[in-house]
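Asks: There's a structure below that I have some questions on.
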Amino acid sequence: MFDRDTEGVRIELRALTKHYPGQPAPAVDNVTMDIPAGELVVFVGPSGCGKTTTMKMINRLVEPTSGEIRIGGQDVLSLDPDELRRHIGYAIQQVGLFPHLTVAQNIGLVPKLLGWPQAKIDDRVEELLALVSLEPSTFRGRYPRQLSGGQQQRIGVARALAADPPVMLMDEPFGATDPITREHLQNEFVRLQRQLHKTIIFVTHDFEEAIKLGDRIAVLREGSHIAQYDTPAAILDAPADDYVAGFIGQDATLKRLALMRVADVPVTDTIPDPALPQVSADTTLREALDLMLAHGTDRCGTPTGVLSYAELCAVVGPRPEEAMTGDR
Ligand SMILES: Nc1ncnc2c1ncn2[C@@H]1O[C@H](COP(=O)(O)OP(=O)(O)OP(=O)(O)O)[C@@H](O)[C@H]1O
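FYI, in full-length UniProt numbering the residues of the sequence shown are 1 to 328.
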């Protein structure tokens, strides 16, 4: 199988099509796309455009009508589907934890199927619970009904990571949580992916989530046709057409701030001021701006000094619409 290495491998879709029987048009129509090794690619698009169908063909929960899928160069359609699924992490909104199994048993399910010795499974469960910020001694023996929605989704992500697959498919995995929990899970997930370098396809309706998590975003139309496939910054700077611009909405500048971190901005005032609200190097500029607004100040303390509102605005430069009406 393609997972001799636990870091990501490339995924290639070639003329991939799914026509469900009895439907007038294909749900996925002739899609060709490369997902680079170790990158997180987000599929965004309206309900029914074929995001889930595209994803489910990759782990063969849905059989393609035609086309090719390669993972790490290997032809997926020639592999045994059950065997394939044991080597691809899969996390979904409904989580799908088994109610009669403990957290530890749920996480250990795939490693057990793969024949890992129990001691190795136990170690892995401990490691994964810590990774998703749940105290192992508190949570390993609990049943899913004894967890909050956000905790269940973390277990879902831990379970998908259990056998250290190079490829993860994630279908709105944080969808069922409130905005604060969701933001927390997203931040943790960004941190995790920086360490793990999996190849991840992540489906969401939420363009903000796509910007925050994606190395690249595929904006999809009906039939999974690709409207634009590029980095978040490139899409925000130059949306391919009105359809893509519609996803970005009015606040492109704020979204660009969410892409940058405090560490990206050189500050001129390098004298620390502990009286100011403080941010870390990893805080996004959007969060730094929110903090300034919440404290009614135009400055905040950073690990290297003081960041001002003016410096923060300067990094995003002119807004795209201003740039377009500039001196041309
Ligand atoms: N098993 C099925 N049989 C027939 N049609 C289906 C089946 N599953 C999905 N479809 C249809 O295929 C199209 C694409 O569905 P899909 O679930 O892939 O879209 P999606 O973009 O993931 O939508 P959502 O964001 O609402 O989950 C829809 O028109 C849907 O009704």
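Ideal Cβ placement from N, Cα and C applies to all residues, glycine included.
Everything numeric in this text was worked out from a predicted model, so none of it was measured.
Leaving aside the five residues before and after Glu12 along the sequence, list all residues of the same chain whose C-beta is less than 6 Å from its C-beta, in chain order.
Replies: Cβ neighbours of Glu12 beyond the five flanking positions: Asp34 and Arg70.
Asks: Considering only C-alpha positions, which residue in the set Ala119, Arg182 and Leu259 is nearest to Asp215?
Replies: The residue with the shortest Cα to Cα distance from Asp215 is Leu259.
Asks: Go through its chain and collect everything with a Cβ distance to Arg86's Cβ below 8 Å, but skip five positions before and after it.
Replies: So the qualifying residues of the chain are Val110, Leu113, Leu114 and Ala163.
Asks: State the Cα-Cα distance for the pair Ile226 and Phe202, rounded to the nearest angstrom.
Replies: Approximately 15 Å between the Cα atoms of the pair.
Asks: In chain order, which continuous runs of the beta strand (DSSP E) of length 3 or greater are located wholly inside the stretch 137-191?
Replies: For the stretch 137-191, whole beta strand (DSSP E) runs of length 3 or above, ordered along the chain, are 167-171.
Asks: Checking contacts by CB at 7 Å: is Ala163 closer than that to chain C?
Replies: The question asks about chain C, but that chain is absent: this structure has only one protein chain.
Asks: Taking the C-alpha atoms as reference points, what is the distance between Gln94 and Leu185?
Replies: Approximately 16 Å, taken between the alpha carbons.
Asks: Ignore the nearest five residues each way along the sequence and tell me which others in Pro179's own chain have a CB closer than 7 Å to its CB.
Replies: There are no such residues.
Asks: How about the stretch 163-174 and the stretch 128-148: do they share at least three Cβ pairs that are nearer than 8 Å?
Replies: Contact between the stretch 163-174 and the stretch 128-148 is absent, because fewer than three Cβ pairs lie under 8 Å.
Asks: Does the stretch 73-84 come close enough to the stretch 13-31 that 3 or more CB-CB pairs lie under 8 Å?
Replies: Taking 8 Å as the limit for Cβ pairs, the verdict is that the stretch 73-84 does not touch the stretch 13-31.
Asks: Are the beta-carbon atoms of Ile155 and Val42 separated by less than 7 Å?
Replies: No, the Cβ-Cβ distance between Ile155 and Val42 is not below 7 Å.
Asks: Check whether the Cβ atoms of Leu128 and Ile107 lie closer than 7 Å to each other.
Replies: It is a contact, given that the beta carbons lie within the stated cut-off.
Asks: With distances taken from each beta carbon to the nearest heavy atom of ligand 1, which residues come in below 5 Å, in chain order?
Replies: That query returns the following residues: Tyr20, Ala27, Ser47, Gly48, Cys49, Gly50, Lys51, Thr52 and Thr53.
Asks: Over what stretch of residues does the alpha helix (DSSP H) that includes Val316 continue unbroken?
Replies: Tyr309 to Val316 is the span of the alpha helix (DSSP H), which, as asked, contains Val316.
Asks: Looking only at DSSP bridge pairs, what is Glu135 linked to?
Replies: In DSSP, Glu135 forms no bridge with anything.
Asks: Using only the alpha-carbon positions, how far apart do Gln118 and Leu101 sit?
Replies: If I take the Cα positions, the gap works out to 16 Å.
Asks: With a threshold of 8 Å on Cβ separation, who are the neighbours of Ile235 within its own chain once the five nearest residues in sequence on each side are excluded?
Replies: Cβ neighbours of Ile235 beyond the five flanking positions: Ile217, Val219, Gln228, Val244 and Ile248.
Asks: Can you tell me whether DSSP reads Gln105 as helix, strand or coil?
Replies: If DSSP states are grouped into helix, strand and coil, Gln105 belongs with the helices.
Asks: Buried or exposed: where does Thr284 fall if 16 or more other Cβ atoms within 10 Å of its Cβ makes it buried?
Replies: Classification for Thr284: buried.
Asks: When we look at the beta-carbon of Leu97 and count the other beta-carbons within 10 Å, is it buried (16 or more) or exposed?
Replies: Label assigned to Leu97: buried.
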